[in-house]
Amino acid sequence: MQEQLARSLRNTALVAVVLGLLPFALDASVVWKVIGPVVAAALLVHTGQQVWQQVFSTSPRHLNV
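Using the working numbering, the first residue of the sequence shown is number 73, and each one after it goes up by one.
Shown next, in the form of structure tokens:
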């Protein structure tokens, strides 16, 4: 379970950095400069929710029992 969470965090961080910074580094159009960071922020929020659920959930399915 922890490996899955770590992989999810790593992948999300990579995608968030690429979507958040690459449009500015490549001098992309305004649409990508807006959409990229918005999608990156949404992914980070979703991952934060996953981490919260893994850390604070008392449901047996999350406790790996």
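Even for Gly, the Cβ is constructed at its ideal location relative to N, Cα and C.
If you're wondering where the values come from, they're calculated on a predicted model, not measured in any experiment.
- Burial is judged here by how many other beta carbons sit within 10 angstroms of a residue's own beta carbon; Ala112 has at least 16 and is buried.
- Note that the C-beta distance between Leu77 and Gln122 is below 8 Å.
- Burial check for Ala88: the Cβ neighbour count within 10 Å reaches 16 or more, so the residue is buried.
- The DSSP-derived three-state label of Thr84 is helix.
- With respect to the 8 Å criterion, Leu91 and Gly108 are classified as neighbours on the basis of their beta carbons.
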